[in-house]
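J.: I have a structure I would like to understand better, so I am pasting it below and will then ask my questions one at a time.
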Amino acid sequence: VENVDLRSIEYLISCGARLIKGESQKILLIAASLQSDHFLSLILRRIGAGNKELEALDEFGDSPLHIVCGAKEPSIAAAHLLLEASIDVERLNSKGLTPILKALSCNTRPTMAVFLLESKANPNHASPSNASPLIFACRFLKSPKIIVDALIEKGAHVNHQENVSRFAPLHVLAARDDSNEDGVMEAAQSLLRSGANVKIKDRDSRLPLHVAHETAARLGIPIHSSPLIALLLSQAGHSEVFARDGLGLLAREVYEEAKAEEIPVTTTRIRTAVGGLYAVDERVASSRASLTSYDAGWGAPE
518 VENVDLRSIE YLISCGARLI KGESQKILLI AASLQSDHFL SLILRRIGAG NKELEALDEF
578 GDSPLHIVCG AKEPSIAAAH LLLEASIDVE RLNSKGLTPI LKALSCNTRP TMAVFLLESK
638 ANPNHASPSN ASPLIFACRF LKSPKIIVDA LIEKGAHVNH QENVSRFAPL HVLAARDDSN
698 EDGVMEAAQS LLRSGANVKI KDRDSRLPLH VAHETAARLG IPIHSSPLIA LLLSQAGHSE
758 VFARDGLGLL AREVYEEAKA EEIPVTTTRI RTAVGGLYAV DERVASSRAS LTSYDAGWGA
818 PE
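In the working numbering, each residue carries its 1-based index in the sequence shown increased by 517.
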């Protein structure tokens, strides 16, 4: 593919060359892999590629549009030509992924996914494991806010849960190593403004708050130093602060068990949605021993 001489192909086509039987599908797949809108234009408009070519899959199970969307530097112009030729924007590849899911899983920037949304891609067409485009965006994009906002604007379900872990988008953001970075925090804020439910539970009955505490412990971040935990607590009521997961642990206890080491002495109070204060008393390593200080912090005066 890398050695294709586009000028020679253009010359042959201008001289009336036609593809023999069986070549048309392969040549369109090659054109897509080259990310050349000029070459694609030749194939689509002058040779007359039809549905058979547009629906063809390469050896990896990808259609021409999947190939374009999955490139390191995807060409919007190439994707536009394929869509103009009436390629199916919801076509599944062999893994059951739509082009927008392919774009979100392969690219760190949202440009192609936003283009596909503007081209009527379904914002809720999920993968075989029921992971939606919003979940893919929260999982794969370095700074997901732009595409999160675009998906929400197009009607993405902010509380959609995939089938394996039963994670919703908020869980996915809370589990990221960079969950406290600005781009991720802004995405979480967008979700919450659009009705994301802080009470939603995963397969293990964990709220996003539990997952955020576990992530903070894993990364060695003190609870009071986690902007995402503070954000979730700002939306939390009594039932969320004192919710127990499938193992019977409060979010605070999840942190302590995951930390599994002595924690420096420091006490910080973080405001919650109902006006109470979440006491972060980090004097003990035992999650059970800290329960008293945890409870005492609820509703304490400033």
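C-beta atoms are modelled at their ideal positions from N, C-alpha and C, and glycine is treated no differently.
Note that this is a predicted model, so its numbers are computed, not measured.
Give me, in chain order, the residues of the same chain whose beta-carbon lies closer than 6 Å to that of A672; leave out the 5 immediate sequence neighbours on both sides.
T.: Here residue 672 refers to the residue found at position 155 of the sequence shown. In the sequence as displayed, the identity of residue 672 is Gly instead of Ala. So the list reads P640, once near-sequence residues are dropped.
J.: Per the contact definition of three or more C-beta pairs closer than 8 Å, is the region 539-548 in contact with the region 559-577?
T.: Between the region 559-577 and the region 539-548 there are three or more inter-stretch CB-CB distances shorter than 8 Å, so the stretches are counted as touching.
J.: Does the separation of the CB atoms of L582 and P616 fall below 8 Å?
T.: As a first step, residue 582 is located in the sequence shown; it is residue number 65 there, counting from the start. As a first step, residue 616 is located in the sequence shown; it is residue number 99 there, counting from the start. Result yes, Cβ atoms of L582 and P616 sit closer than 8 Å.
J.: Along the chain, where does the alpha helix (DSSP H) containing G700 start, and where does it finish?
T.: Sequence index remark: in the sequence shown, residue 700 carries index 183 (1-based). Membership of G700 in the alpha helix (DSSP H) is indicated by the continuous run 699-710.
J.: I669 lies in the alpha helix (DSSP H); which residues open and close that run?
T.: Within the sequence shown, the letter at position 152 stands for residue 669. Start and end: 662-670.
J.: Do you know how far the Cα of I717 is from the Cα of A685?
T.: Here the question's residue 685 lines up with position 168 in the sequence shown. Here the question's residue 717 lines up with position 200 in the sequence shown. Distance between the alpha carbons of A685 and I717: 8 Å.
J.: Tell me where the alpha helix (DSSP H) around F653 begins and ends.
T.: For the purposes of this step, residue 653 is taken as residue 136 along the sequence shown, with counting starting at 1. It spans 650-657 - the alpha helix (DSSP H) in which F653 sits, taken as one unbroken run.
J.: Only counting runs of 3 or more residues, tell me where the beta strand (DSSP E) segments fall wholly within the region 537-564, in order along the chain.
T.: none
J.: Whole angstroms is fine: what's the gap from P650's alpha carbon to G533's?
T.: Against the sequence shown, residue 650 aligns to sequence position 133. Against the sequence shown, residue 533 aligns to sequence position 16. Going from the Cα of P650 to the Cα of G533 covers about 43 Å.
J.: Put R524 into one of helix, strand or coil per three-state DSSP.
T.: One-based indexing of the sequence shown puts residue 524 at position 7. It is helical.
J.: Closer than 8 Å by C-beta to I526: which residues in its own chain qualify, once you throw out the five before and the five after it? Chain order, please.
T.: Residue mapping note: residue 526 aligns to position 9 of the sequence shown, counting from 1. Within the same chain, I526 has close Cβ partners F556, L559.
J.: If you reduce the DSSP assignment to three classes, tell me which class N568 lands in.
T.: Position 51 of the sequence shown, counting from 1, holds the residue named residue 568. Residue state, collapsed to three classes: helix.
J.: Quick check on DSSP: helix, strand or coil for C532?
T.: Residue 532 sits at position 15 when you count from the first residue of the sequence shown. Coil, per DSSP.
J.: Note the first and the last residue of the continuous alpha helix (DSSP H) segment covering F632.
T.: Position 115 of the sequence shown holds residue 632. Counting along the chain, the alpha helix (DSSP H) containing F632 begins and ends at 628-635.
J.: For L724, tell me which candidate among S696, R683, G737, D699 has the shortest Cα-Cα distance.
T.: Here residue 724 is taken as the residue at index 207 of the sequence shown, counted from 1. When only C-alpha atoms are compared, the closest one is R683.
J.: Taking Cβ to Cβ, would you say L745 is nearer than 8 Å to A760?
T.: Working through the sequence shown from its first residue, we reach residue 745 at position 228. Working through the sequence shown from its first residue, we reach residue 760 at position 243. Cβ distance not < 8 Å, so L745 and A760 don't count as in contact.
J.: Apart from the five residues just before and just after R535, which ones in its own chain have a Cβ nearer than 6 Å to its Cβ?
T.: For this step, residue 535 is matched to residue 18 along the sequence shown. Once the five neighbours on either side are set aside, R535 has no close Cβ partner at all.
J.: Tell me which residues share the same chain as S646 and place their Cβ nearer than 8 Å to its Cβ, disregarding the 5 neighbours each side in the sequence.
T.: What you label residue 646 is simply residue 129 of the sequence shown in a count that begins at 1. Counting only Cβ-Cβ distances below 8 Å, and skipping sequence neighbours, we find E679, N680, V681.
J.: From T732, L634, K662, pick the residue whose C-alpha is nearest to that of V771; which is it?
T.: Along the sequence shown, one-based indexing puts residue 771 at 254. Ranking T732, L634, K662 by Cα distance to V771 puts T732 first.
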